[in-house]
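Here the sequence shown stands for residues 18 to 588, where the numbers follow our numbering. Virtual Cβ for every residue (Gly too), placed ideally from N, Cα, C. The structure displayed is predicted, hence computed values, not measured ones. Each remark here refers to the structure printed beneath this line.
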Amino acid sequence: MNKILNKTYSKYLILITIILGLVSCEFLDVEPEDQFERVAYYENNRHAEMALAGVYGKLKNLYERNMSIVLNSGTDEFLFSLSNTSQKGGELSVFTYTAFDTNLKNIWQNHYTLISRANDFIYNIEGRDSIEGLSPERRQNMLGEALTLRALSYLNLVRMFEYIPLRKEPFVDVAEGGEDIHLAGSDPKDIYNLIIADLQAAIGVLPVNSKEYNRVSKYAAHGLLARTFLHLAGDRVNGGDYTLEECYDQVVSNCDAIINSGEHGLLSDYVDVFMNQIKQIESDREMIWEVSFVYTVERNMGGKIGNDNGPKVAETNSNTNPVGNPSVKAAISLNRLYGLDYEHDPAGNPDLRHGWNIVNYNINYNKTNLEYTFPGDIASSLDWYGGKWRRVLRAEETDEEGNVSYNAEYLEIGGMYDKWNTSINFPLLRYSDVLLMKAEALNELHGPIMDAVDLVDQIRERAGASDVQTLLVEQGDGLSQETFFEVIKDERSRELCFEGLRRFDLVRWGLLVDVMRVQNELMINHPDYNASNDEVLIVPGNEVDEKHNVFPIPNDELTLNTKISQHPLWN
């Protein structure tokens, strides 16, 4: 029927049980059949659903640690602990990596595996006259999902590696050593053009509400398209085939599609956004799209969110009690963004996000009383942890005399089956990001107009923080395009810290090198800094250089693919 099927598919069998082990979405809760010949794989709706689940499945591999934690620690939000660098990706976070880095290889391979699965799915959905049990509308919905997943993968890759192979066809000839293996890197603007085309096509066929939670909706694609144009306008690409004005107009237009739909909005309480993830409460009001992780006694589809990037929680004798073993700590810069100085207690800080996003205590465990305890606050702010996702909550109780005590609560309700793995989801797109993207684009187009300022004020009001103009007055600044950009830049970190966005933001603003070098000064001059005690905290600015705005093409790809060249900055 088509050349790919006739050429190679009939030679291969695919094990559905493998696909079933790769993703934690509800639509995979079906009994596996033994085997399907590749040519028969898309003959009915159940096969097609399984194939699409296999595309979604790679999100777990991408976001369980590398894209969510390791890359975020090479920023002004997280500091990496030296004791964990050998096994947990420290080279990426401290800018000592090379083309031989294992984490880079895994990031590259997992993205291209997702792309390969998406290409296979798209090719078959578009190339077959009919699929039994699959209505034309549902078929188009599923096509939109695959296009969006492919677009997400290419957006990540082009922002990290820039000159990457552009694969749009199924890739199945590895065993035969075919020419499909060898493909040169494309101009980044061509990658962006495919991403834009994929997302525009997806928006035309996706439903307003996804079939199941954590699957792609129309507004998730709109948000990803807004993000694409924002990065296309950035320092590395400068618009590509679009003018900067066209890019920012597209950001505004796609953000407006979400804002004006009424389908999404800010929750009234910032903490609830993350408590929903911790407790596995499915709420897509603010969380437009997130990666799903589920750990049960039957199968491990868990992640590391809340374990490697949450507060420290002591290990117990039980295999089911939660453990927090963080490899990262909150950066000095982030503490300062909330207005925290060294003479004031953080509890007095007006921005309510600070007390949730940054944790200043450890959680111990009393093995005699079998209960979690809180030994007291951590004195040095260099040792505070990220707190957005936590496995045990320190709840304060005040008696009639004003005495404060603490109790502990397990938060991973429904997912507490393993001490190391969590069922906490990771955000890909939140409504507050949509507001901030639009505000930034409006500022670039028109300066600090009130429509743009109001968008940021909505976010700050929920946090209990002052409005933008009051904030600028407190800082001794007036409202201008430059000062409002600084507010937006800082607000993205205050609101979206630890959500895997900061490195990409710093690169598109052309600020990565300067910001990372500042971290050295902040560390050495910090009043809590003690060289003998704090040398385990890695400072990325020691090594950062211009080439670190991109990653080197992994050596394995250079060896296998004879047509690709190393990035010019890494030659």
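Open item on the list: Please report the distance separating the alpha-carbon of A456 from that of M533.
Closed with: Near 25 Å, if we compare the C-alpha coordinates of M533 and A456.
Task: Assumed close pair Y434, T500 - CB separation to whole angstroms, cut-off 8 Å - done: In fact, because the Cβ distance is near 49 Å, the residues do not count as touching under 8 Å.
TODO: Give me whichever residues DSSP pairs with W306 in a beta bridge.
DONE: Looking at the DSSP assignment, W306 forms a beta bridge with L446.
Task: Residues of its chain near V524, where Cβ-Cβ distance is below 6 Å and the 5 sequence neighbours each way are ignored - done: Short of 6 Å from the beta carbon of V524, and not among the five residues preceding or following it, lie these beta carbons of its own chain, in chain order: N566.
Open item on the list: Since P224 and N158 should fall inside the 8 Å C-beta cutoff, what is the C-beta to C-beta distance between them, to a whole number of angstroms?
Closed with: 6 Å between Cβ atoms; contact.
Task: Segments assigned beta strand (DSSP E), at least 3 residues, entirely inside the segment 126-165 - done: For the segment 126-165, not a single whole beta strand (DSSP E) run of length 3 or above is found.
Task: Contact belief for N374 with G403 at Cβ below 8 Å, rounded distance in angstroms - done: A Cβ-Cβ separation of about 7 Å places N374 in contact with G403 under the 8 Å criterion.
Task: 4-residue-minimum alpha helix (DSSP H) runs that sit fully inside the segment 330-406, ordered along the chain - done: List check, alpha helix (DSSP H) in window: 349-354, 369-374.
Task: DSSP-derived helix/strand/coil call for F246 - done: F246 falls in the helix class under three-state DSSP.
Task: Three-way DSSP call (helix, strand, coil) for P182 in this model - done: Three-state result, P182: strand.
Open item on the list: Could you compute how far the alpha carbon of A425 sits from the alpha carbon of L131?
Closed with: Distance between the alpha carbons of A425 and L131 is about 40 Å.
Task: Collapsed DSSP secondary structure at T92 in the structure displayed - done: If DSSP states are grouped into helix, strand and coil, T92 belongs with coil.
Task: Local Cβ density within 10 Å of K384, reported as buried at 16 or more and exposed below that - done: Exposed, because fewer than 16 other Cβ atoms sit within 10 Å of the Cβ of K384.
- [ ] Classify N210 as helix, strand or coil using the three-state DSSP reduction.
- [x] If DSSP states are grouped into helix, strand and coil, N210 belongs with the helices.
- [ ] Give the range of the beta strand (DSSP E) segment to which S422 is assigned.
- [x] The continuous beta strand (DSSP E) containing S422 extends over residues 421-427.
Open item on the list: Just to confirm before moving on: does the CB-CB distance between A70 and T165 stay below 8 Å?
Closed with: No, the pair does not count as a contact, with Cβ atoms beyond the cut-off.
- [ ] Report, in whole angstroms, the separation of the C-beta atoms of I349 and H543, which I expect to be a contact under 8 Å.
- [x] I349 to H543, Cβ: 6 Å. Contact.
Task: DSSP state of F515 mapped onto helix, strand, coil - done: Three-state DSSP puts F515 in coil, outside helix and strand.
Open item on the list: Given a cut-off of 8 Å on the beta-carbon distance, is the pair G240 and I142 in contact?
Closed with: No.
Task: For L242 and Q217, the rounded distance between their alpha carbons - done: If you take the alpha carbons of Q217 and L242, they lie about 8 Å apart.
Open item on the list: In whole angstroms, give me the CA-to-CA distance for I78 and S85.
Closed with: According to the sequence displayed, residue 78 carries Asn and not Ile. Taking the CA atoms as reference points, N78 sits about 11 Å from S85.
Task: Residue from S497, S147, L369, S278 whose Cα sits closest to the Cα of A482 - done: Out of S497, S147, L369, S278, L369 has the C-alpha closest to the C-alpha of A482.
Task: Reduced DSSP category for N61 - H, G, I as helix; E, B as strand; rest coil - done: Three-state result, N61: strand.
TODO: For E491, collect the residues of the same chain with a Cβ closer than 8 Å to its Cβ; drop the 5 residues on either side in sequence, then sort them by chain order.
DONE: Apart from the 5 residues on each side of it in sequence, E491 sits with its Cβ closer than 8 Å to the Cβ of S483 in its chain, given in chain order.
Open item on the list: Rounded to whole angstroms, what is the Cα-Cα separation between I581 and Y209?
Closed with: I581 and Y209 have their C-alpha atoms roughly 19 Å apart.
TODO: Tell me whether E270 sits in a helix, a strand or coil according to DSSP, three-state version.
DONE: At residue 270 the sequence reads Ser, which differs from the Glu that was named. Here S270 carries a helix assignment [DSSP, helix/strand/coil].
Task: Residues near N120 by beta carbon distance below 8 Å, same chain, minus five either side - done: Excluding residues within five positions, the ones whose Cβ falls inside 8 Å are N83, V87, G106, E108, L109, Y114.
Open item on the list: Below 8 Å on the Cβ atoms is my contact criterion, and I expect K329 with P339 to pass it. Report the Cβ-Cβ distance as a whole number of Å.
Closed with: Contact between K329 and P339 does not hold, since their C-beta atoms are separated by about 11 Å, which reaches or exceeds 8 Å.
Open item on the list: As a quick exercise: from L174, S309, L160, E461, pick the residue whose alpha carbon is nearest that of E263.
Closed with: If we check each option's Cα against that of E263, E461 comes out closest.
Open item on the list: On the CB-based measure, 16 or more other CB atoms within 10 Å of its CB, does P367 come out buried or exposed?
Closed with: The residue in question, P367, is exposed, as its Cβ has fewer than 16 Cβ neighbours within 10 Å.
Task: C-beta atoms of I439 and N324 nearer than 8 Å - done: Checking the displayed sequence, the identity of residue 439 turns out to be Thr instead of Ile. Contact flag set, yes.
- [ ] Thinking W406 and I322 are a contact (beta carbons under 8 Å), I'd like their distance in whole angstroms, please.
- [x] Taking the Cβ atoms as the reference, W406 lies roughly 5 Å from I322, within the contact range of under 8 Å.
Task: Sheet register partners of N317 (DSSP bridge) - done: For N317, which the question treats as bridged, DSSP gives the partners Y312.
- [ ] Please report how far the alpha carbon of D252 lies from the alpha carbon of D562, in whole angstroms.
- [x] C-alpha separation (whole angstroms): 16 Å.
Open item on the list: Once the 5 residues before and after R519 are set aside, which same chain residues still bring their CB inside 8 Å of it?
Closed with: Once the five neighbours on either side are set aside, the close Cβ partners of R519 are N89, T92, D93, E94, R509, S510, L513.
TODO: Helix, strand or coil for E413, going by three-state DSSP, please let me know.
DONE: Note: E413 maps to strand in three-state DSSP.
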